[in-house]
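Numbering (UniProt numbering), first residue to last: 1 to 419.
Right, one structure below, let's go through it.
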């Protein structure tokens with residue numbers, strides 16, 4: 001993940017073999033509308049390496065059984081694989097203990113879990129602080145909580161470049177502030193937020209922090225202990241894993257204290273018609289049969305990711321971003337939306353006089369997949385003066401400079417056809 005200003009020239013380490021990396025992703029090797037696929041919608045979901053696809057296949061062929069509740073061999077194998085994945089997620093996030101990892105469906109469910117369970121500690125007038133950069137998944141749950149109990153949602157402002165105004169944050173904290181929840185990386189703009197500084201400010205005021213890490217983990221190592229957050233949420237499908245599974249890191253004292261999010265089997269110790277006692281964390285937050293194969297494949301994805309050269313990957317992604325910024329920036333009438341100094345490989349832009357959906361449609365005709373619209377981040381786009389949405393090209397380390405050039409050519413062609 002980029003942590004400095006972009007290089008003036010796109011330079012990637014000479015030992016980075018993008019072709020060998022791409023060879024592991026079967027979905028990349030197809031044609032769309034008669035053109036080679038150029039997949040630039042990685043902020044929406046990443047493609048999956050063969051090893052992840054095979055992990056799901058292998059589970060259903062050899063290990064399919066329910067977990068934690070069977071004495072037979074298949075159940076034992078499935079349970080071992082499931083818990084090994086939890087341990088891999090612990091390692092990938094550098095959590096202190098594997099029982100600080102709760103499996104969820106994704107970041108959206110993780111935030112709803114916190115809004116529900118942590119929300120039971122709150123009363124009318126208590127404040128939740130989020131930033132203007134948030135995905136709807138970190139806005140709507142707090143609106144729902146406020147509707148139910150009268151909590152107050154306060155928004156940390158963002159500069160015209162799309163950066164959190166950190167100077168304002170300490171002044172926004174009051175005696176009623178109960179949680180600060182921000183994303184690690186903006187899905188709409190690519191802004192990398194100063195989450196260590198935000199968490200440090202929060203700790204100085206005794207306030208817990210929740211980080212939406214959906215866009216963070218795919219672009220570099222995450223160390224929750226170094227970040228200093230109380231909660232960190234990830235989605236598998238954003239990080240080369242399967243859909244419908246993710247994880248919530250929560251410091252163990254919080255998991256001990258917070259009540260369950262929902263109830264059912266496998267999260268209890270005893271049940272009578274008069275009372276229920278819950279299993280210790282993380283089990284008490286994992287009611288019912290989970291997405292077993294998804295959890296296992298997520299562990300596979302993160303293990304695969306951990307073995308890559310992260311320095312080389314970061315340099316390649318930074319170079320892709322620099323090349324895209326330069327080539328798109330040369331198109332008359334194209335305006336970037338969000339130009340933070342510290343960015344993940346995401347370019348969000350509009351073209352004068354052309355609707356983003358029309359550009360996206362014409363790009364698709366050239367085999368180029370981008371996202372158009374508001375990217376589930378309406379408030380920040382409205383603040384930045386965008387009413388119809390943007391075109392968003394989001395890169396991953398398996399993208400190439402040839403694909404950047406194809407994008408720029410296709411945008412120029414679309415502009416010519418539509419104006």
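All residues carry an ideal CB built from backbone N, CA and C; glycine is no exception.
7 Å CB neighbourhood of residue i in its chain, flanking five on each side removed
i: residue 84; result: 299
i: residue 201; result: 169, 170
i: residue 55; result: 296, 297, 300
i: residue 108; result: 137
i: residue 388; result: 355, 356
i: residue 28; result: 22, 37, 39, 47, 398
i: residue 224; result: 93, 94, 95, 232, 249
Residue i versus residue j: straight-line alpha-carbon distance, rounded
i: residue 402; j: residue 87; result: 38 Å
i: residue 52; j: residue 175; result: 47 Å
i: residue 35; j: residue 418; result: 21 Å
i: residue 4; j: residue 334; result: The pLDDT assigned to residue 4 is 32, lower than 50, so where the model puts this residue is not dependable, and the model offers no usable value.
i: residue 9; j: residue 153; result: In this prediction, residue 9 scores a pLDDT of 41, lower than 50, which makes its location untrustworthy; the coordinate-derived value is nonetheless stated afterwards. Rounded to the nearest angstrom, the two C-alpha atoms are 42 Å apart.
i: residue 221; j: residue 96; result: 16 Å
i: residue 72; j: residue 295; result: 21 Å
i: residue 452; j: residue 140; result: This structure gives no information on residue 452, because the portion of the chain shown stretches from 1 to 419.
i: residue 248; j: residue 64; result: 24 Å
i: residue 106; j: residue 50; result: 22 Å
i: residue 32; j: residue 146; result: 45 Å
i: residue 180; j: residue 392; result: 27 Å
i: residue 20; j: residue 359; result: 31 Å
i: residue 59; j: residue 92; result: 22 Å
i: residue 368; j: residue 38; result: 5 Å
i: residue 229; j: residue 281; result: 18 Å
i: residue 57; j: residue 283; result: 26 Å
i: residue 77; j: residue 263; result: 25 Å
i: residue 372; j: residue 394; result: 11 Å
i: residue 149; j: residue 159; result: 31 Å
Rounded Cβ spacing between residue i and residue j (contact assumed at less than 8 Å)
i: residue 266; j: residue 236; result: Rounded, the Cβ-Cβ distance is 20 Å, inconsistent with contact.
i: residue 132; j: residue 157; result: 6 Å
i: residue 111; j: residue 138; result: 6 Å
i: residue 234; j: residue 214; result: 7 Å
i: residue 199; j: residue 173; result: That belief does not hold up - the Cβ atoms of residue 199 and residue 173 are roughly 13 Å apart, past 8 Å.
i: residue 278; j: residue 290; result: That pair is no contact at about 17 Å.
i: residue 374; j: residue 381; result: 5 Å
i: residue 354; j: residue 390; result: About 11 Å separates the two Cβ atoms, so there is no contact after all.
Residues near residue i by beta carbon distance below 8 Å, same chain, minus five either side
i: residue 218; result: 42, 46, 238, 239, 240, 396
i: residue 286; result: 102, 103, 266, 267
For residue i, the residue or residues it bridges with in DSSP
i: residue 373; result: 390
i: residue 385; result: In the DSSP output, where bridge partners are listed per residue, residue 385 has none listed.
i: residue 128; result: 153, 179
i: residue 348; result: 392
i: residue 242; result: Residue 242 pairs with nothing; no bridge assigned.
i: residue 231; result: 210, 250
i: residue 101; result: 249
Chain-order list of residues whose beta-carbon lies under 6 Å from that of residue i (same chain, five-residue window excluded)
i: residue 340; result: 161, 162, 163, 191
i: residue 244; result: 105, 291, 294
Any non-hydrogen atom of the ligand FAD closer than 7 Å to residue i Cβ
i: residue 199; result: Of the ligands one can find in the structure shown there are none, so the ligand FAD has no counterpart to examine.
| field | Touching by the beta-carbon criterion (3+ pairs, under 8 Å), the segment 247-254 and the segment 119-131 | value | Inter-segment contact for the segment 247-254 and the segment 119-131 is absent: fewer than three beta-carbon pairs are separated by less than 8 Å.
| Okay, do the segment 108-118 and the segment 362-375 touch, 3+ Cβ pairs below 8 Å being the bar? | No: the two stretches stay apart, fewer than three of their Cβ pairs being nearer than 8 Å.
| message | Between the segment 344-364 and the segment 186-193, can you find at least three pairs of beta-carbon atoms closer than 8 Å? | response | Verdict: yes, contact present.
| Is the segment 309-324 touching the segment 403-412 in the sense that three or more CB pairs, one from each, lie closer than 8 Å? | Judged by Cβ distances under 8 Å, the segment 403-412 makes contact with the segment 309-324, as three or more pairs qualify.
| If you pair each beta-carbon of the segment 306-323 with each one of the segment 271-278, do three or more pairs fall below 8 Å? | In short, these stretches do not touch, since the Cβ pair count stays below three.
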